[in-house]
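With this note's numbering applied, the sequence shown covers 437 to 491. Here is the structure we will look at.
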Amino acid sequence: MKVKIQIPEYVQKVSRMLSKEGFECYLVGGAVRDVVMGLDPHDYDLATDALPDEM
437 MKVKIQIPEY
447 VQKVSRMLSK
457 EGFECYLVGG
467 AVRDVVMGLD
477 PHDYDLATDA
487 LPDEM
């Protein structure tokens with residue numbers, strides 16, 4: 437299933453910052469569910485392999 441998601445700039449900025457430092461970053465949770473259901477997400481959850489002290 438391919439779905440296009442309009443991700444807000446502030447979420448993209450966090451993702452770019454993590455990627456620049458060599459970390460993985462994934463959109464997860466309710467935003468993904470909402471898009472699959474045809475709804476507009478109201479918040480965005482990110483998962484990363486960065487440890488808390490690496491943030």
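Built from N, CA and C at the ideal position, the CB exists for glycine as well.
Residue nearest to residue i in terms of C-alpha spacing, selected from the options
i, options, result
"Gln-442", "Asp-481, Val-471, Glu-490 and Leu-487", "Val-471"
"Lys-438", "Ser-451, Val-468 and Val-450", "Val-468"
"Lys-449", "Glu-490, Tyr-480 and Gly-474", "Tyr-480"
"Pro-444", "Met-453, Pro-477 and Phe-459", "Pro-477"
Span separating the alpha-carbon of residue i from that of residue j
i, j, result
"Ser-455", "Cys-461", "7 Å"
"Tyr-446", "Met-473", "23 Å"
N-terminal and C-terminal residue of the beta strand (DSSP E) that residue i is part of
i, result
"Ala-467", "Element bounds for Ala-467: not the beta strand (DSSP E) but the alpha helix (DSSP H), 466-472."
"Leu-482", "481-484"
Cβ separation of residue i and residue j, assumed to be a contact under 8 Å, to the nearest whole Å
i, j, result
"Ala-483", "Val-464", "5 Å"
Neighbour flag for residue i against chain B, beta carbons, 9 Å
i, result
"Gln-448", "As a matter of chain content, chain B is missing from the structure shown, which is built from one protein chain."
First through last residue of the alpha helix (DSSP H) which encompasses residue i
i, result
"Leu-454", "445-456"
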